[in-house]
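Contents: one structure, followed by commentary.
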Amino acid sequence: MDKGKFEYYANILNLGYNFSFEDVKKNYLKLVKEYHPDRYVSLGQEAYQNALKKFQEIKEAYEYITKNYEIYFKKDDSINSYKEEANLESYYLNGIHYFKKGDINSALNCFLICHRKQEDNPKYIRGIIRCLFTKNRRWMEALEYCQRLIKIEPLRNENLYLIGKCYYLLKDNEKALFYLKKAREMGYNLEDIENIIDGLEPKSIVKKMLSKFKKS
1 MDKGKFEYYA NILNLGYNFS FEDVKKNYLK LVKEYHPDRY VSLGQEAYQN ALKKFQEIKE
61 AYEYITKNYE IYFKKDDSIN SYKEEANLES YYLNGIHYFK KGDINSALNC FLICHRKQED
121 NPKYIRGIIR CLFTKNRRWM EALEYCQRLI KIEPLRNENL YLIGKCYYLL KDNEKALFYL
181 KKAREMGYNL EDIENIIDGL EPKSIVKKML SKFKKS
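Numbering follows this note's numbering, with no gaps: position 27 of the sequence shown is 27.
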């Protein structure tokens, strides 16, 4: 049995670190109902295909978990003795690797596995947020993680940038500008922060309006 694969599939079924066999069945039934492709037919081809893919992943996960459950949780399994910190770091580095390759779903799964074992570790939360930024339907979820991150580590400039970027994606320009400026004041000058701030500044907006007016 592949321990990493087992935990990957456990994450797909929204299972934590320790879970019962009944939890597996319960989550499986809930998820197959939620992502059954027939529910998405009226929402268009893309929504249907995404649901179908998720539905198939859920079924694969259930089959693998139920088949290997007893092996994974047996008393003498090395799951009880491995060094968790090293294991989590391995998952985290895999997540970064997948993210750089553009395999966002695999990256997100790695970061979520880490987060479920150490919920207050900020670097795992940052990984989740950056993955969710690429999924426009999950920006509100990203905001929840950003707010949690700010509570854990309120003075880190990167965290201020992330919540500012999230508000920007959600088109809450006032809050976006507040946090992005704060991040810049605290020394954050990476990524697209300057471009976003310039685009949100009132004087910049006025310039754009005047430019459009002149062209017309």
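Every residue gets a Cβ at the ideal spot worked out from N, C-alpha and C, and that includes glycine. None of the values given here were measured: they were computed from a predicted structure.
Check your understanding: Among 41, 42, 54, which residue has its Cα nearest to the Cα of residue 9?
Key -> The count along the sequence shown starts at 1 and reaches residue 9 at position 9. Of the candidates 41, 42, 54, the one whose C-alpha sits nearest the C-alpha of residue 9 is 54.
**Study point:** N-terminal and C-terminal residue of the alpha helix (DSSP H) that residue 112 is part of
**Key:** What you label residue 112 is simply residue 112 of the sequence shown in a count that begins at 1. 104-117 is the extent of the alpha helix (DSSP H) around residue 112.
Review point. Nearest CA to the CA of residue 132: which residue from 63, 170, 13, 199?
Key: One-based indexing of the sequence shown puts residue 132 at position 132. Taking only the C-alpha atoms, the option nearest residue 132 is 170.
Exercise for review: Tell me whether residue 19 sits in a helix, a strand or coil according to DSSP, three-state version.
Suggested key: For this step, residue 19 is matched to residue 19 along the sequence shown. Residue 19: coil per DSSP, three-state reduction.
Practice item. Starting from the C-beta of residue 254, find all residues in its chain whose C-beta is less than 8 Å away, skip the five residues before and the five after it, and write them out in chain order. Key: It is not possible to answer for residue 254, since the shown part of the chain is limited to 1 through 216.
Exercise for review: Consult DSSP for residue 1 and reduce its assignment to one of helix, strand or coil.
Suggested key: By 1-based counting over the sequence shown, the position of residue 1 is 1. Looking at residue 1 - three-state DSSP - the assignment turns out to be coil, as it is neither helix nor strand.
Review point. Taking the alpha carbon of residue 234 as the point to measure from, which residue in 4, 65, 39 has its own alpha carbon closest?
Key: There is simply no residue 234 to check, as the chain begins at 1 and stops at 216 in what is shown.
Exercise for review: Would you be able to state if there are at least three C-beta pairs under 8 Å between the segment 119-133 and the segment 147-160?
Suggested key: Yes: the two stretches touch, three or more of their Cβ pairs being nearer than 8 Å.
Practice item. Identify whether residue 27 lies in helix, strand or coil by the three-state DSSP scheme. Key: The sequence position of residue 27 within the sequence shown is 27, counting from 1. Three-state result, residue 27: helix.
**Study point:** residue 7 burial status per 10 Å Cβ neighbour count (16 or more: buried)
**Key:** Within the sequence shown, numbered from 1, the residue matching residue 7 stands at position 7. By the neighbour-count definition (other C-beta atoms within 10 Å, threshold 16), residue 7 is a buried residue.
Review point. Considering only the beta carbon of each residue, do residue 163 and residue 148 sit closer than 8 Å?
Key: Translated into positions along the sequence shown, residue 163 becomes position 163. Translated into positions along the sequence shown, residue 148 becomes position 148. The Cβ-Cβ distance between residue 163 and residue 148 does not fall below 8 Å.
Point to revise | Chain-order list of residues whose beta-carbon lies under 6 Å from that of residue 16 (same chain, five-residue window excluded) | key: To locate residue 16, count along the sequence shown from 1; it is residue 16. In the same chain as residue 16, and ignoring 5 residues on each side of it, the C-beta atoms closer than 6 Å to its own belong to 116, in chain order.
Check your understanding: Applying the criterion that 16 or more other CB atoms from any shown protein chain within 10 Å of the CB defines a buried residue, is residue 190 buried or exposed?
Key -> Locating residue 190 in the sequence shown gives position 190, where the first residue counts as 1. The residue is exposed, with fewer than 16 neighbouring Cβ atoms inside 10 Å.
Check your understanding: If we ignore side chains and look at the alpha-carbon of each, how far apart do residue 188 and residue 158 end up?
Key -> The residue you call residue 188 lines up with position 188 of the sequence shown. The residue you call residue 158 lines up with position 158 of the sequence shown. Taking the CA atoms as reference points, residue 188 sits about 7 Å from residue 158.
Check your understanding: Looking at residue 161 and residue 180, is the spacing between their C-beta atoms short of 8 Å?
Key -> As a working note, residue 180 is residue 180 in the sequence shown. As a working note, residue 161 is residue 161 in the sequence shown. A contact, by the Cβ cut-off of 8 Å.
Check your understanding: Since residue 178 is in the alpha helix (DSSP H), which residue starts that stretch and which ends it?
Key -> Sequence index remark: in the sequence shown, residue 178 carries index 178 (1-based). Looking at the DSSP string, the run of the alpha helix (DSSP H) that includes residue 178 is 173-185.
Review point. Tell me which same chain residues have a C-beta within less than 6 Å of the C-beta of residue 91, skipping the five on either side of it?
Key: Taking the sequence shown and counting its residues from 1, the one referred to as residue 91 is at position 91. Counting only Cβ-Cβ distances below 6 Å, and skipping sequence neighbours, we find 110, 113, 114.
Practice item. Measure the CB-CB distance between residue 127 and residue 102 and report whether it falls below 8 Å. Key: Translated into positions along the sequence shown, residue 127 becomes position 127. Translated into positions along the sequence shown, residue 102 becomes position 102. Contact: no.
Review point. Roughly how many whole angstroms lie between the Cα atoms of residue 47 and residue 88?
Key: Within the sequence shown, residue 47 is the residue found at index 47, counting from 1. Within the sequence shown, residue 88 is the residue found at index 88, counting from 1. Rounded to the nearest angstrom, the gap between the Cα atoms of residue 47 and residue 88 is 33 Å.
Review point. For residue 73, which of helix, strand or coil comes out of DSSP?
Key: As a working mapping, residue 73 is identified with position 73 in the sequence shown. DSSP places residue 73 within a helical segment (H, G or I) once states are collapsed to three.
Practice item. Please report how far the alpha carbon of residue 1 lies from the alpha carbon of residue 184, in whole angstroms. Key: As a first step, residue 1 must be located in the sequence shown, where it is residue number 1. As a first step, residue 184 must be located in the sequence shown, where it is residue number 184. Approximately 48 Å between the Cα atoms of the pair.
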